[in-house]
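Everything on this sheet refers to the single structure shown next.
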Amino acid sequence: MKKTFFIFIIAILFFSCNDDDHDCPDNEFVGSWKLIEVLADPGDGSGTFIPVESSRTLTFKNNGIITTNTSLCNPYSDEIRTSGSYDVLEKKIYTNCEGANISSISFNMENEYLILDFFSLEGYSQKFERVQ
């Protein structure tokens, strides 16, 4: 019985996901995403997503790192490239921003789209589509 249990544990460890750059099938966020719409609510809950022309991309890596060609610290800026880490279970991005204006960003999937929800009194979200 102990031998069977030991073999079972070894098999689980062998086939489980690890922190290397191979795709982990349980992480639907891994890959690159392009910004396609933003939602800036006026504060009354009536805001809707509006299409935007943007070159902003995010890349979720399998090792828990997220990179962007723009800023995670300021959702309105295209000037500063930043990176951070993310937690799939908490659905949070943790930024490396100085001054911690934005220390974390919530994210989730809606259909095939990635939604980032920035903390704001009025509500501000970004919608991304997968590019890779």
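For the sequence shown, this note's numbering begins at 1 and goes up steadily by one.
Every residue gets a Cβ at the ideal spot worked out from N, C-alpha and C, and that includes glycine.
Checklist entry - What's the C-alpha gap between Pro-113 and Glu-129? => result Looking at the sequence provided, one finds Tyr at residue 113 rather than Pro. In a straight line, the C-alpha of Tyr-113 is about 5 angstroms away from that of Glu-129.
Checklist entry - To which residues of the same chain is Asn-96 closer than 7 angstroms at the C-beta, ignoring the five residues directly before and after it? => result The residues are Thr-82, Ser-83 and Gly-84.
Checklist entry - Does the beta-carbon distance from Phe-29 to Lys-127 come in below 8 angstroms? => result Note that the C-beta distance between Phe-29 and Lys-127 is not below 8 angstroms.
Checklist entry - Where does the unbroken beta strand (DSSP E) through Ser-32 begin, and where does it stop? => result 31–40 is the extent of the beta strand (DSSP E) around Ser-32.
Checklist entry - On the three-state DSSP scale, how would you describe Leu-116? => result DSSP places Leu-116 in strand when its eight states are reduced to three.
Next on the checklist: What would DSSP say about Phe-15, mapped onto helix, strand or coil?
Outcome noted: Confidence at Phe-15 is low in this model, with a pLDDT of 46, below 50, so its placement is unreliable and no value can be given for it.
Checklist entry - Can you pull the DSSP bridge partners for Thr-95? => result Beta-bridge pairing by DSSP links Thr-95 to Gly-84.
Next on the checklist: DSSP has Gln-126 in a bridge; who is on the other side?
Outcome noted: Partner(s): Val-38 and Leu-116.
Next on the checklist: Which of the three DSSP states is assigned to Pro-25 in this structure?
Outcome noted: Low per-residue confidence applies at Pro-25: pLDDT is 45, beneath 50, and the placement is therefore not dependable, though the value from the model is reported in the following sentence. In this structure, DSSP gives Pro-25 a state outside helix and strand, which the three-state scheme calls coil.
Checklist entry - With 16 as the cutoff for other CB atoms within 10 Å, does Phe-107 come out buried or exposed? => result With 16 or more other Cβ atoms within 10 Å, it is buried.
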